[in-house]
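First to last, the sequence lines map onto chains R and E. Start counting the first sequence at 1; every next residue gets the next number (full-length UniProt numbering). Start counting the second sequence at 1; every next residue gets the next number (full-length UniProt numbering). Heads up, the beta-carbon is just placed ideally off N, CA and C, and yes, glycines get one too. In what follows, a single structure is set out as structure tokens and then discussed.
Protein chains: 2
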Amino acid sequence: MTRFRESVRSLLREQVLNAAYDLVAARGWSGLRLAPVARIAGISRQTLYNEFGSKEAVGRALVEREAERFLLGIQQELDAHRDDLEAAAAAGVGFTLQQAADNSLIKAVLTAARGGDDHLLAYLTTRPEPVFNTATAMLDAYAADAWPEVDEESRHLAVEVIVRLTVSHIVQPAASPEESARRIAKITVRTAQYVRPDPAPGAADDSLPA
Amino acid sequence: MTRFRESVRSLLREQVLNAAYDLVAARGWSGLRLAPVARIAGISRQTLYNEFGSKEAVGRALVEREAERFLLGIQQELDAHRDDLEAAAAAGVGFTLQQAADNSLIKAVLTAARGGDDHLLAYLTTRPEPVFNTATAMLDAYAADAWPEVDEESRHLAVEVIVRLTVSHIVQPAASPEESARRIAKITVRTAQYVRPDPAPGAADDSLPA
DNA sequence: GTGGAGTGTCAATGATGTGGACATGAGGGG
DNA sequence: CCCCTCATGTCCACATCATTGACACTCCAC
């Protein structure tokens with residue numbers, strides 16, 4: 001209601017999600033108990049239920065927040081290389097693969113398959129499609145804005161390529177995140193038929209021989 | 001009481017201080033009204049009074065927080081040059097002078113003299129001595145930890161020199177913050193009789209001839 | 001199947017922010 | 001000098017929301 005109440009409310013949610021994050025990382029989703037979550041968050045168990053309603057809702061919120069942070073991280077990687085499509089692609093993919101390797105929550109969201117010990121977490125993601133679509137839309141918008149010189153069809157192609165290849169490497173890693181990212185970036189650039197703004201006349205051309 | 005309550009409480013205080021900060025920066029201390037502060041902070045005027053009690057208390061808290069941030073900023077500058085006393089000194093002093101030039105709140109705390117339009121703000125700092133002593137103590141501790149090879153007496157001397165010279169330059173600027181910082185740093189190094197860990201045999205010695 | 005643990009719900013209680021009213025004092029103009 | 005205005009600081013009734021303890025229900029292990 002009054003703006004301060006909203007702040008308190010979001011503070012409460014943050015505390016809960018922080019606590020849940022740590023506990024899930026330590027014991028997995030199935031090993032997560034709401035009582036410790038409430039205790040660590042510094043609130044009563046009842047308050048937690050008033051705010052979230054169920055354990056599954058906590059999981060949903062947790063995954064949602066993580067996905068948002070994840071997309072934001074990709075955005076930042078991309079923005080750091082606005083001038084170079086290949087570098088931007090490599091950075092974005094590298095970040096993604098690294099996160100997928102390190103962050104168990106992200107991994108669960110992106111793979112969202114195989115019923116391991118944490119099948120519940122994968123299940124509660126309300127399907128990975130939303131995240132996929134959001135990411136793809138985000139990349140499409142970014143690409144249109146950052147590289148207008150690439151024609152629209154090629155852009156869409158490149159975005160599809162980069163998303164699918166990245167997911168593929170998450171599910172079935174082939175090399176180190178960095179190496180995989182480098183390769184995917186190169187493929188993406190070629191798919192976009194992107195020509196680097198020539199750095200200097202007579203510079204070496206490292207694109208594929210036609 | 002319960003940890004969450006404390007979080008809410010500190011959130012409330014933060015919101016209030018943020019609002020007060022902006023308003024003071026815009027209209028000065030004497031132009032500050034508590035009703036707008038409460039409104040911007042998103043709470044009722046009564047709640048503001050419940051938490052702080054008086055306008056002066058708000059000012060005290062505001063200055064206190066700013067002083068803390070300020071000391072933290074100095075710490076970070078110092079830590080960025082742990083390996084080089086002169087560079088650390090220059091960075092710390094430079095940061096201080098820059099802040100004193102930019103930040104009206106900091107300026108009020110450090111000078112705390114002359115009854116201008118904002119004499120109340122200067123007055124409510126409960127005297128600048130506490131900040132001075134805190135800063136000096138912080139620097140003493142830092143110096144002892146970072147440069148144990150400098151004997152204790154020289155360290156204390158150097159700290160006194162750097163604090164007094166810096167304040168002097170705040171009150172009576174002589175050159176640009178950077179240039180002033182450079183000079184103060186050099187003087188500090190010489191006061192400490194600090195000898196740079198020799199970078200290479202035969203390197204030029206830029207210390208004063210005895 | 002029996003006991004224990006965890007989820008989800010409920011009602012009573014306590015703490016705290018809200019809104020309105022009001023006394024007080026400082027400052028400005030008639 | 002008096003009056004009006006505005007801001008500070010206080011009081012109180014009310015509403016909101018977290019806390020606490022209890023309880024039903026389900027699932028799992030012994």
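If you check the CB distance, V93/R and I184/R come in under 8 Å. At the C-beta level, F95/R and E77/R come within 8 Å of one another.
Taking a Cβ-Cβ threshold of 9 Å, the residues of chain R close to Q15/E are R3, F4 and S7, in chain order. Contact between T191/R and A158/R holds: CB atoms are separated by about 5 Å, below the 8 Å threshold.
Proximity of L48/E to chain R, defined by a Cβ-Cβ separation below 8 Å, is not satisfied. Proximity of the segment 2-12 of chain R to the segment 39-46 of chain E meets the contact definition, three or more beta-carbon pairs being nearer than 8 Å. In this model, N133/E and T166/E are separated by some 14 Å (Cα to Cα). Chain-ordered, the chain E residues with CB closer than 9 Å to the CB of G42/R read T2, R3, F4, R5, E6 and S7. The segment 65-112 of chain R is shown to contain whole alpha helix (DSSP H) runs of 4 or more residues at 85-102 and 104-111, in chain order. The alpha-carbon separation between S180/R and A174/R amounts to approximately 7 Å. Separation of the CB atoms of V37/E and A57/E is rounded to 12 Å, and the pair is thereby denied contact status at 8 Å. Spanning the alpha carbons of E160/R and W147/R requires a straight line of approximately 16 Å. In terms of CA proximity to Y49/E, R33/E leads the group R182/E, R33/E and A137/E.
According to the DSSP assignment, T191/R belongs to the alpha helix (DSSP H) that extends over P177 to T191. Taking the Cα positions, L17/E is about 20 Å away from A100/E.
The three-state secondary structure of P36/E, taken from DSSP, is helix. Secondary structure at G59/R: helix, using DSSP grouped into helix, strand and coil. Around the Cβ of G59/R, a 10 Å sphere holds 16 or more other Cβ atoms; the residue is buried. Relative to the Cα of R39/E, the nearest Cα in the group L23/E, S30/E and W29/E belongs to L23/E. For a Cβ distance threshold of 7 Å, nothing in chain R lies close to L23/E: the least Cβ distance comes to about 16 Å.
Ranked by how close their Cα comes to the Cα of A91/E, the residues Q193/E, V189/E, I187/E and E178/E have E178/E in first place. By the neighbour-count criterion, in which 16 or more other beta carbons inside 10 Å mark a residue as buried, Q172/E falls on the exposed side. Burial check for A89/R: the Cβ neighbour count within 10 Å reaches 16 or more, so the residue is buried. Contact annotation for L11/R against chain E: F4, S7, V8 and L11 [CB-CB distance below 9 Å, chain order]. Contact between V163/E and L85/E is ruled out by a C-beta separation of about 15 Å, above the 8 Å threshold. Taken through DSSP and simplified to helix, strand or coil, T2/R comes out as coil.
When secondary structure is reduced to three states using DSSP, E149/R falls in the coil class, being assigned neither helix nor strand. In this chain, Q172/E is not harboured by any alpha helix (DSSP H), its DSSP state being neither H nor E. Collapsing the DSSP output to three states places I43/E in coil. Its chain contains L71 and V163 as the residues whose beta carbon lies nearer than 7 Å to that of A135/R, once the 5 sequence neighbours on both sides are disregarded; these appear in chain order.
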